[in-house]
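2 protein chains.
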Amino acid sequence: MQVNRIPILKLYNCLLVSIQFELDDKTALQFQEDLLKKIHATGASGVVIDLTSVEVIDSFIAKILGDVINMSKLMGAKVVLTGIQPAVAITLVELGIELQGVQTALDLEKGLEQLKLELGD
Amino acid sequence: MQVNRIPILKLYNCLLVSIQFELDDKTALQFQEDLLKKIHATGASGVVIDLTSVEVIDSFIAKILGDVINMSKLMGAKVVLTGIQPAVAITLVELGIELQGVQTALDLEKGLEQLKLELGD
Numbered sequence: 001m002q003v004n005r006i007p008i009l010k011l012y013n014c015l016l017v018s019i020q021f022e023l024d025d026k027t028a029l030q031f032q033e034d035l036l037k038k039i040h041a042t043g044a045s046g047v048v049i050d051l052t053s054v055e056v057i058d059s060f061i062a063k064i065l066g067d068v069i070n071m072s073k074l075m076g077a078k079v080v081l082t083g084i085q086p087a088v089a090i091t092l093v094e095l096g097i098e099l100q101g102v103q104t105a106l107d108l109e110k111g112l113e114q115l116k117l118e119l120g121d
Numbered sequence: 001m002q003v004n005r006i007p008i009l010k011l012y013n014c015l016l017v018s019i020q021f022e023l024d025d026k027t028a029l030q031f032q033e034d035l036l037k038k039i040h041a042t043g044a045s046g047v048v049i050d051l052t053s054v055e056v057i058d059s060f061i062a063k064i065l066g067d068v069i070n071m072s073k074l075m076g077a078k079v080v081l082t083g084i085q086p087a088v089a090i091t092l093v094e095l096g097i098e099l100q101g102v103q104t105a106l107d108l109e110k111g112l113e114q115l116k117l118e119l120g121d
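Just so you know, the sequences run in chain order B and Y.
Numbering of the first sequence is given in full-length UniProt numbering, commencing with residue 1 and proceeding in unit increments.
Numbering of the second sequence is given in full-length UniProt numbering, commencing with residue 1 and proceeding in unit increments.
Here it is in structure tokens:
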């Protein structure tokens with residue numbers, strides 16, 4: 001099976017990712033690896049992951065997402081999740097996955113602005 | 001066969017697209033449709049298409065790309081192509097596809113700046 005790869009855009013010192021289709025497990029794992037490699041390669045200090053187009057999330061994908069956020073933090077990059085839809089927020093809380101300490105914002109623009117403020121540029 | 005879809009990010013009044021894998025014909029056609037719909041839906045006045053990760057391009061994909069740029073212009077959006085690699089530039093010129101009148105820039109940041117200047121914001 002061909003694994004989809006999620007494009008990761010570099011804009012100044014931030015990486016932008018927009019997830020616009022339902023993630024399957026392999027794609028999510030590939031994304032995790034790709035994002036960490038890209039943080040390393042670019043030396044990005046911030047990451048915005050936009051979930052605006054994600055309408056459903058399951059426990060495995062939620063765990064991967066939580067993991068990649070923690071891993072990115074360990075590597076020194078701040079992560080902001082944006083555009084979490086009502087159904088996704090409900091699922092996350094009901095699954096007990098509250099993504100503790102993860103910053104969120106309403107949309108990509110606000111997420112980037114939040115990062116800019118925090119990174120002080 | 002599942003068609004890959006290329007995520008299109010909206011940032012302020014621009015759309016950002018980063019093509020990070022070789023496009024097959026179906027994906028290219030799907031991208032054309034998705035981009036035009038997104039321009040319509042968001043009222044974006046600029047589009048940056050980043051080809052940094054594209055190492056090879058064939059005549060069909062080059063034509064689709066040229067077409068989508070012209071279509072976007074017709075809809076009122078300025079398009080900037082960024083990150084065209086040497087091999088892609090060589091192929092385009094050798095195929096006689098010179099993407100006349102298409103603006104280009106070295107990378108995503110410079111493309112966005114060019115658009116901002118032109119759109120006057």
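The beta-carbon is built from N, C-alpha and C at its ideal position, and this holds for glycine as well.
Note that the structure is predicted; figures quoted are calculated from it, not measured.
Simplified DSSP assignment, three categories, for residue i
i	result
T42 of chain Y	helix
L16 of chain Y	strand
T82 of chain B	strand
V102 of chain B	coil
I69 of chain B	helix
L35 of chain B	helix
V93 of chain Y	helix
I49 of chain Y	strand
I57 of chain Y	coil
I6 of chain Y	coil
L108 of chain Y	helix
L115 of chain Y	helix
Beta-carbon proximity of residue i to residue j, cut-off 8 Å
i	j	result
V54 of chain Y	L15 of chain Y	no
K78 of chain B	L51 of chain B	no
I84 of chain B	A62 of chain B	no
residue 131 of chain Y	I8 of chain Y	For chain Y, the structure presents residues 1 to 121; residue 131 of chain Y sits outside this window and is missing.
V68 of chain Y	Q103 of chain Y	no
Q32 of chain B	I64 of chain B	yes
L106 of chain Y	T82 of chain Y	yes
Residue i: CB within 7 Å of a non-hydrogen atom of the ligand SAM
i	result
E55 of chain B	The model depicted lacks the ligand SAM and carries no ligand whatsoever.
Nearest candidate by alpha-carbon position, reference residue i, set the options
i	options	result
L108 of chain B	Y:N13, Y:E94, Y:V3	Y:N13
Q4 of chain Y	Y:I69, Y:M75, Y:F21	Reading the sequence as shown, one finds Asn at residue 4 of chain Y and not Gln. Comparing Cα-Cα distances from N4 of chain Y to each of Y:I69, Y:M75, Y:F21, the minimum goes to Y:F21.
F60 of chain B	B:G120, B:P86, B:G43, B:L23	B:L23
I90 of chain B	B:Q30, B:I57, B:G111, B:K26	B:I57
S45 of chain Y	Y:L74, Y:L99, Y:D25, Y:E33	Y:L74
L112 of chain B	B:M71, B:G76, B:I49	B:I49
G76 of chain Y	Y:A87, Y:H40, Y:D25, Y:K26	Y:H40
G43 of chain Y	Y:Q100, Y:L11, Y:P86, Y:K26	Y:L11
K26 of chain Y	Y:V88, Y:I6, Y:T82, Y:S18	Y:I6
K37 of chain Y	Y:G66, Y:I19, Y:S72, Y:S18	Y:S72
L95 of chain B	B:V17, B:S18, B:G66, B:I19	B:G66
Residues in the stretch 18-39 of chain Y having any Cβ partner in chain B nearer than 8 Å: Taking 8 Å as the Cβ-Cβ cut-off against chain B, the residues of the stretch 18-39 of chain Y that qualify are S18, I19, Q20, F21.
Near-chain Y residues of the stretch 85-104 of chain B - C-beta to any C-beta below 8 Å: Cβ contacts with chain Y come from no residue of the stretch 85-104 of chain B.
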